[in-house]
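Report on the following structure.
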Amino acid sequence: MQFFLFKHFYPFPSFFQDSYTYLDVAAHGYSISYRPVGYSMFLILIHFITSSDTALVFVQYCTLQLAGLYLYRSIGLLYSPWKVVRNILFLVLFFNPLSLYLANLVSSDALFTALTLVWLTELLWLMHEPSWGRLIRQLVLLVVIFYIRYNALCYPVITAAAFLFTRKGPGFKIAGIASSVLTLVLGAMVIGQLTKEQTGVRVFSAFSGWQMANNALYVYPYVKVERDRLPSPECRELDSVVAAYFDASGPGRRGHQLVDTWYMWDPGAPLKGYMRLRQRREHTSYFTAWNRVGPVFSQYGFYLLSHHPLVFSREYVWPSARMFFYPPLDVLGRYNEGEGEVDVLAREWFRMKSTKVWARSFTAQGFVLGWAPALYLVLNVAFAIAALLLLLKYGKGEFRAAMVLTGVYFLVNAAFCIFSTPNVFRYQAAPLIWLFVFTLLAYHRVFSPWNPVPAARKG
């Protein structure tokens, strides 16, 4: 019922720049792209059944709801919380507006959030009732998540924490950890080989190179780069383009800036300038040139960041950390980025009557979700306090393993987001839900006069 009420106010899905990248890959059947192609494969699957944009949003919403149901049922079976706690979890998991707005985005966020929650829940079961079947299931989920978003590259660290708490011998634990790492390494190698075949350069993710160079350029105005010490001729050529850009831009680009991905995407920025230089010289397509400069950007960015860690911490890490704990709503703040039209690609893919789209309000979702970044900040603090209180009260116990898993997930996610890419709220949908669940459960355990026996353990 809430879905159909929501669609009354938002008859069309919301699009932004990433949406058209995913649609382009789906429309042409590309095997590699600027971003992982898993979500584009999902779009193809839905399109094979129906071209309806409403159907896509509905499937994404159902995916989130089913993930919430699996988590909710598992919490009840494993930890037997009080009825009032179960009721709060039920309301939050199934009646929160975030799920509706995430599902309404033509983006990988809803699918990534849902599968991450299912994967984390599967890890809970692995810690409590380990089996080879569960090991294989979490491995399959990990691979699918990896092809949707490369954040999953750091997920084996979380997997390792879960397997260390399993009630199985060392062979099972080693197999679980090693298979998770090996599977993602093989996946990265396959993508690297596909990229080499199509662009001439073996690179797993050129996007990562662009991101690293983007981050390094926030450091550049505050350090002295000795060009002759750069690690390659390509890096020295890139540095000459960067230096010319900052010399021409004057003090305007040298002041303290809000960290974002501006240097990656702006046509006048030095990274695009260097790419165009290579493109003209090598007579390649835009996509080929974009991939070929990725390794150079990685090398250049790593050199600057590793040689100037204090400046990097001050100019990038600290602002990025503030953004991580209080992320902007970004595309969730306005419907369709405030535009009343979509690209012709969206019209053709979804067989819309025109490129015109509308909503009852283009800005209401910014008010509806305005509380979410503050809640995320509060949950981070509340979880840390709850974990400490729980440790002081119990020290050991089955729920302690779940708290450790949650803590590792939080730390890994924080490190990835703070050091690699400027954070926006939609990236934190899964952590927000997971933190809420386990912060609530932790306070329930801390203030419970007794420690209930999990239903899954009775008998």
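Heads up, the sequence shown is in my numbering, so the first residue is 3 and it goes up one at a time.
Even glycine gets a Cβ: it sits at the ideal position worked out from N, Cα and C.
Option nearest residue i by Cα separation, candidates the options
{"i": "A190", "options": "F167, N153 and Y429", "result": "N153"}
{"i": "Y22", "options": "V344, A444 and L394", "result": "V344"}
{"i": "T118", "options": "A250, T197 and V142", "result": "V142"}
{"i": "L443", "options": "A69, N89 and S363", "result": "N89"}
{"i": "F174", "options": "S133, D241, V27 and S16", "result": "S133"}
{"i": "L102", "options": "L371, Q430 and L437", "result": "L371"}
{"i": "V94", "options": "A431, R447 and D26", "result": "A431"}
{"i": "L25", "options": "M43, F8 and P13", "result": "M43"}
{"i": "F206", "options": "L188, V221 and S76", "result": "L188"}
{"i": "A404", "options": "P13, K9, G78 and F167", "result": "F167"}
{"i": "V221", "options": "Y302, L186 and G270", "result": "Y302"}
{"i": "L406", "options": "A389, K395, R139 and N415", "result": "The amino acid at residue 406 is misidentified as Leu; the sequence shows Val. Nearest of A389, K395, R139 and N415 to V406, Cα basis: A389."}
{"i": "F314", "options": "A361, V227 and L219", "result": "L219"}
{"i": "H309", "options": "E228, V346 and P321", "result": "E228"}
{"i": "K226", "options": "Y305, R280 and K395", "result": "Y305"}
{"i": "R281", "options": "Y157, P272, D249 and A291", "result": "For the record, residue 281 in the displayed sequence is Gln; it is not Arg. With distances taken between Cα atoms, Q281 lies closest to A291."}
{"i": "S210", "options": "E236, G296 and G31", "result": "G296"}
{"i": "F369", "options": "L334, F289 and I179", "result": "L334"}
{"i": "V414", "options": "L113, P158, F148 and Y149", "result": "P158"}
{"i": "A384", "options": "R349, L394 and F438", "result": "F438"}
{"i": "W212", "options": "G202, T185 and Y265", "result": "Y265"}
{"i": "I176", "options": "G270, K358 and F165", "result": "F165"}
Residue i, DSSP secondary structure in three states
{"i": "K175", "result": "helix"}
{"i": "S16", "result": "strand"}
{"i": "I34", "result": "coil"}
{"i": "K170", "result": "coil"}
{"i": "D249", "result": "helix"}
{"i": "K226", "result": "coil"}
{"i": "E284", "result": "helix"}
{"i": "G270", "result": "coil"}
{"i": "A457", "result": "Note that A457 has pLDDT 48, beneath the 50 cutoff, so the model's placement of it is unreliable and no number is given."}
{"i": "D55", "result": "helix"}
{"i": "Y328", "result": "coil"}
{"i": "L141", "result": "helix"}
{"i": "V261", "result": "coil"}
{"i": "R151", "result": "coil"}
{"i": "T23", "result": "helix"}
{"i": "H310", "result": "coil"}
{"i": "R278", "result": "helix"}
{"i": "Y318", "result": "helix"}
{"i": "E350", "result": "helix"}
{"i": "V39", "result": "coil"}
{"i": "V146", "result": "helix"}
{"i": "L117", "result": "helix"}
{"i": "R336", "result": "coil"}
{"i": "T201", "result": "helix"}
{"i": "M3", "result": "coil"}
Residues bridged to residue i [DSSP beta-bridge criterion]
{"i": "E343", "result": "K358"}
{"i": "L107", "result": "S16"}
Burial state of residue i (16 or more Cβ within 10 Å)
{"i": "M129", "result": "buried"}
{"i": "F11", "result": "exposed"}
{"i": "T263", "result": "exposed"}
{"i": "S300", "result": "buried"}
{"i": "V298", "result": "buried"}
{"i": "T441", "result": "buried"}
{"i": "I160", "result": "buried"}
{"i": "Q4", "result": "exposed"}
{"i": "A386", "result": "exposed"}
{"i": "W373", "result": "exposed"}
{"i": "W84", "result": "exposed"}
{"i": "Y337", "result": "buried"}
{"i": "V261", "result": "buried"}
{"i": "V455", "result": "The predicted position of V455 is uncertain, since its pLDDT is 47 and thus under 50; no value can be drawn from it."}
{"i": "D241", "result": "buried"}
{"i": "H446", "result": "buried"}
{"i": "D55", "result": "buried"}
{"i": "K274", "result": "buried"}
{"i": "R151", "result": "buried"}
Whole-number beta carbon distance between residue j and residue i, since they are thought to touch under 8 Å
{"i": "I46", "j": "V61", "result": "The Cβ separation is near 13 Å, so there is no contact."}
{"i": "S16", "j": "N106", "result": "5 Å"}
{"i": "D332", "j": "F427", "result": "6 Å"}
{"i": "V146", "j": "G40", "result": "7 Å"}
{"i": "F327", "j": "N382", "result": "6 Å"}
{"i": "Y411", "j": "L232", "result": "The pair is not a contact, with the Cβ atoms about 37 Å apart (cut-off 8 Å)."}
{"i": "T408", "j": "N293", "result": "Between N293 and T408 the Cβ distance is about 37 Å, and since that is not below 8 Å, they are no contact."}
{"i": "T449", "j": "Y81", "result": "Strictly speaking, residue 449 in this sequence is Phe, with Thr absent from that position. In fact, because the Cβ distance is near 15 Å, the residues do not count as touching under 8 Å."}
{"i": "Q140", "j": "L125", "result": "6 Å"}
{"i": "S76", "j": "W127", "result": "7 Å"}
{"i": "T52", "j": "A116", "result": "With 8 Å as the limit, T52 and A116 do not qualify as a contact, their Cβ atoms being about 20 Å apart."}
{"i": "Y276", "j": "V243", "result": "5 Å"}
Near the ligand SAH: residue i beta-carbon under 7 Å from a heavy atom
{"i": "N415", "result": "By its list of ligands, the structure shown contains no ligand whatsoever, and the ligand SAH lies outside what it can speak to."}
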